[in-house]
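Visitor: Using the working numbering, the letters of the sequence shown correspond one by one to residues 2 to 276.
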Amino acid sequence: MTTAAVTRTTVQPVTFRRLVTSEHVKMRSLRSTWWALAVAVAFFPLFSAMRTSSMVAVAADASPEYLVGPVYVTSGLALAQLVLCGLAVVTITAEYRTGQVRSTLTAAPTRLPALGAKLLVVVVTALATGLVGVLVGWAAAAPTLGAARMTVDLTQAEHLRLMFGVPLYLAAITAFAFGVGAILRSSAAGIASVLGLVFVVEPAFSYVPWAPLQQIATYLPTAAGSRLISSDTMGSVIAGSQSTTLSAWQGYGVLLAWAAAALLVAAVLLRRRDA
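(1) Identify the continuous alpha helix (DSSP H) that holds Thr99 and give its terminal residues.
(2) Which residues does DSSP pair with Gly236 in a beta bridge?
(3) Determine the burial state of Arg103: buried for a count of at least 16 other Cβ atoms within 10 Å of its Cβ, exposed for fewer.
(4) Considering only the alpha carbon of each residue, which of Met235, Val269, Val40, Ser33 lies closest to Ala159?
(5) By how many angstroms is the C-alpha of Val255 removed from the C-alpha of Pro144?
(6) Can you give me the Cβ contacts of Tyr170 inside the same chain, cut-off strictly under 6 Å, excluding the 5 residues immediately before and after it?
(7) How would you label Leu214, buried or exposed, when you count the other beta carbons within 10 angstroms and need 16 or more for buried?
(8) Thinking Ala37 and Leu88 are a contact (beta carbons under 8 Å), I'd like their distance in whole angstroms, please.
(9) With distances taken from CA atoms, which of Ser232, Ala263, Val238, Trp259 is nearest Ser248?
(10) Kindly provide the ranges of any alpha helix (DSSP H) runs that are 4 or more residues long and lie completely inside the segment 21-83, ordered along the chain.
(11) Can you give me the C-alpha to C-alpha distance between Ile217 and Val15, rounded to a whole angstrom?
(12) Does any residue of chain D have a CB that is nearer than 8 Å to the CB of Arg274?
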């Protein structure tokens, strides 16, 4: 009588790198992800070409201080951030809607590495999308920049900050949106909360004629973060309230603090709540 040989299968440990790979596969395997990224990128050349072209006829009469090329080149950011924030929210909330989060947390029982891996994929995706968008927007505006008496000179500190601050801003605001989505666990509630804060609460605070409320408005996520991508003379295309006390990097630091706070709350709730 013979006995069948027993084959031992080596189970590979679940490392953070493997979790990141898994989350990356999940994200890029969805057609909706590619559509969202394509739309976000498309806003940059569309708006940069339109805005620079519209300035050609009036450039001769415009003051040079209002002809800041990078502001026009990156004007698609206003709508691109909405798409990427929505994608960030849905990336985490869809796991709860489909029940896939249970499988994810079974593979990573300590939970926080799974959240961190998904966050990393979302942030890197936003960073890359912002960089591509800026470059494509620059290319689209290039034929009319000269006629509009504008340039993009990366040897100037302000121009460099305005151009490449866009990917950094998108990375931070999507991290914040991701944290809100992880807290609420609902796509509708998460998207409504983020967009409500950006388009309702922040403008309302900045336009109410009461100084304390207007001061608070400058420390809200978009208003503070937009300091990084604000021209000294033209302001920002994405915020109605501009702080006069925060520098560009201080404002960005405030946005990072908002993102960190949202992610901290999300991490605590993930450990305490059932999936």
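Each residue gets a CB set at the ideal place from its N, CA and C atoms; glycine is no exception.
Guide: Let me spell this out:
(1) From DSSP, the alpha helix (DSSP H) with Thr99 extends over 78-99.
(2) According to DSSP, Gly236 bridges with Ser232.
(3) Exposed.
(4) It should be pointed out that residue 159 corresponds to Glu in this sequence rather than to Ala. Closest in alpha carbon position to Glu159, among Met235, Val269, Val40, Ser33, is Met235.
(5) Rounded to whole angstroms, Pro144 to Val255 spans 37 Å at the Cα level.
(6) These residues qualify, in order along the chain: Gly226, Leu229, Ile230.
(7) With fewer than 16 Cβ atoms within 10 Å of its Cβ, Leu214 is classed as exposed.
(8) So it is a contact: roughly 5 Å between Cβ atoms.
(9) Here the closest residue by C-alpha is Ser232.
(10) For secondary structure counted as the alpha helix (DSSP H) over 4 or more consecutive residues, the segment 21-83 holds these complete runs in sequence order: 32-57, 70-74.
(11) Computed Cα separation, rounded: 44 Å.
(12) Of the chains in the structure shown, none is chain D; there is only one protein chain.
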